[in-house]
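K.L.:
Below is a structure I'd like to ask you about.
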Amino acid sequence: MTLPSAAGPVNILRGVDLVVEAGEAVGIVGPSGSGKTSLLMVLAGLERATAGSVRVAGHELSRMNEDALARLRRDSIGIIFQAFYLIPTMTALENVSVPLELAGRADAAERAAESLRAVGLAHRLTHLPGQLSGGEQQRVALARAFAPEPALLLADEPTGNLDHATGAAVMDLLFQLRERTGTTLLLITHDQALAARCERRVHIVDGRVAEPVPA
Ligand SMILES: Nc1ncnc2c1ncn2[C@@H]1O[C@H](COP(=O)(O)OP(=O)(O)OP(=O)(O)O)[C@@H](O)[C@H]1O
Ligand SMILES: [Mg+2]
Numbered sequence: 000m001t002l003p004s005a006a007g008p009v010n011i012l013r014g015v016d017l018v019v020e021a022g023e024a025v026g027i028v029g030p031s032g033s034g035k036t037s038l039l040m041v042l043a044g045l046e047r048a049t050a051g052s053v054r055v056a057g058h059e060l061s062r063m064n065e066d067a068l069a070r071l072r073r074d075s076i077g078i079i080f081q082a083f084y085l086i087p088t089m090t091a092l093e094n095v096s097v098p099l100e101l102a103g104r105a106d107a108a109e110r111a112a113e114s115l116r117a118v119g120l121a122h123r124l125t126h127l128p129g130q131l132s133g134g135e136q137q138r139v140a141l142a143r144a145f146a147p148e149p150a151l152l153l154a155d156e157p158t159g160n161l162d163h164a165t166g167a168a169v170m171d172l173l174f175q176l177r178e179r180t181g182t183t184l185l186l187i188t189h190d191q192a193l194a195a196r197c198e199r200r201v202h203i204v205d206g207r208v209a210e211p212v213p214a
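Using numbering that gives the first Met the number 0, the letters of the sequence shown map in sequence onto residues 0 to 214.
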């Protein structure tokens with residue numbers, strides 16, 4: 000995959016050949032700048048690959064227009080980034096329920112409240128993101144990502160902004176939710192111990208899948 004930049008096109012992914020089975024949890028590790036986030040962006044349909052085939056939940060992304068990609072994300076893909084990307088003017092409940100409403104779910108509010116309960120935030124439904132701790136904000140982001148029961152969850156250093164104990168609690172929650180829902184998980188992490196909690200680890204080096212990392 001090549002991305003345009005002011006300095007000219009940058010060749011980022013050079014033939015990542017990777018198949019992830021439904022329900023599998025895969026830890027993506029590799030040096031800074033190796034292309035992990037780029038891979039996630041391509042899988043989410045947020046960046047387009049210039050060559051090759053990217054299939055998610057049976058859909059060939061290169062053949063889909065932006066609207067179709069947005070629908071696929073809405074219906075099938077949850078994304079969690081290091082930064083929480085909550086909407087600051089919306090309460091925790093609204094941050095989780097509005098995407099469900101946009102997806103046409105009649106039970107958006109109840110489902111959102113249930114999802115926030117599952118991450119231990121039943122008592123914070125009407126708080127704005129600015130009134131929540133970092134760990135709580137990431138738990139709202141987790142609730143938002145899991146609420147639509149996506150087939151695929153993409154997580155990019157989801158605990159990178161949290162202290163160790165808070166990060167560990169958020170990761171426990173993520174693995175719990177994943178177990179409960181059977182969601183396929185791609186977890187990008189610098190933390191080998193976290194990667195080891197996934198059934199399989201994939202090592203990205205210089206835009207390519209490198210030798211398997213020993214467990
Ligand atoms: N939009 C862009 N335009 C041009 N180059 C980019 C763009 N996004 C990323 N890159 C370059 O692509 C390479 C891979 O970046 P990427 O963000 O995927 O790395 P990463 O493995 O996620 O690193 P980190 O562990 O530091 O997050 C880097 O050299 C980066 O500078
Ligand atoms: Mg990255």
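Positions of the beta carbon are idealized from the N, C-alpha and C atoms, including for glycine.
All of these numbers come straight from a predicted model, not from anything done at the bench.
Measure from the alpha carbon of R138 to the alpha carbon of each residue in R104, T183, T165, then state which is nearest.
P.N.:
Start at 1 with the first residue of the sequence shown, and residue 138 comes out as number 139. When only C-alpha atoms are compared, the closest one is T165.
K.L.:
Can you list, in chain order, the residues of its chain whose CB lies under 6 Å from that of F80, leaving out five sequence neighbours each side?
P.N.:
By 1-based counting over the sequence shown, the position of residue 80 is 81. The residues are D155.
K.L.:
Just how far apart, CA to CA, sit Q136 and L127?
P.N.:
Taking the first residue of the sequence shown as 1, we reach residue 136 at position 137. Taking the first residue of the sequence shown as 1, we reach residue 127 at position 128. Roughly 9 Å between the two C-alpha positions.
K.L.:
Just to confirm my understanding: we take A168, look at its own chain, exclude 5 residues before and 5 after, and list those with CB closer than 7 Å. What are they?
P.N.:
One-based indexing of the sequence shown puts residue 168 at position 169. Cβ within range, chain order: G134.
K.L.:
Report the rounded CA-to-CA distance for A48 versus E109, giving the unit in angstroms.
P.N.:
Mapped onto the sequence shown, residue 48 falls at position 49. Mapped onto the sequence shown, residue 109 falls at position 110. Each residue's Cα considered, the two are about 38 Å apart.
K.L.:
Looking at the unbroken alpha helix (DSSP H) that takes in R73, where does it start and where does it end?
P.N.:
To locate residue 73, count along the sequence shown from 1; it is residue 74. 65-75 is the extent of the alpha helix (DSSP H) around R73.
K.L.:
What residues come near ligand 2, if near means a beta carbon less than 7 Å from any of its heavy atoms?
P.N.:
In chain order, the hits are K35, T36, D155, E156, I187.
K.L.:
Classify R62 as buried or exposed, calling it buried when 16 or more other Cβ atoms lie within 10 Å of its own Cβ.
P.N.:
For the purposes of this step, residue 62 is taken as residue 63 along the sequence shown, with counting starting at 1. So R62 counts as exposed.
K.L.:
Does ligand 1 have even one heavy atom less than 7 Å from the beta-carbon of S31?
P.N.:
The sequence position of residue 31 within the sequence shown is 32, counting from 1. The answer is yes for S31.
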